[in-house]
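Numbering (the working numbering), first residue to last: 102 to 168.
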């Protein structure tokens with residue numbers, strides 16, 4: 102797994118810290134950090150909650166770019 106750059110950028114654009122997003126979706130801050138860093142995967146439920154937090158689609162946050 103690789104770091105989720107799109108999620109990182111979306112979080113920074115909103116001015117949120119990882120702990121802020123973790124609280125909004127019901128995760129421990131360390132768990133959120135591991136998931137954003139790509140060490141663990143988000144569940145579908147968590148991914149949908151992230152879309153609500155950032156007002157975007159799943160593709161906006163999680164679709165990998167193809168060269």
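The C-beta atom is built at its ideal place from N, Cα and C for all residues, glycine as well.
{"Check": "Simplified DSSP state of residue 134, which is helix, strand or coil", "Outcome": "helix"}
{"Check": "Cβ-heavy atom distance, residue 130 to the ligand FMN, below 7 Å", "Outcome": "Questions concerning the ligand FMN fall outside what the structure shown contains, since it holds no ligand whatsoever."}
{"Check": "Local Cβ density within 10 Å of residue 112, reported as buried at 16 or more and exposed below that", "Outcome": "buried"}
{"Check": "C-beta atoms of residue 138 and residue 104 nearer than 8 Å", "Outcome": "yes"}
{"Check": "Straight-line gap, residue 164 to residue 143 (C-alpha atoms, nearest Å)", "Outcome": "13 Å"}
{"Check": "Proximal residues to residue 133 (C-beta, below 7 Å), its chain only, five neighbours per side dropped", "Outcome": "119, 122, 123"}
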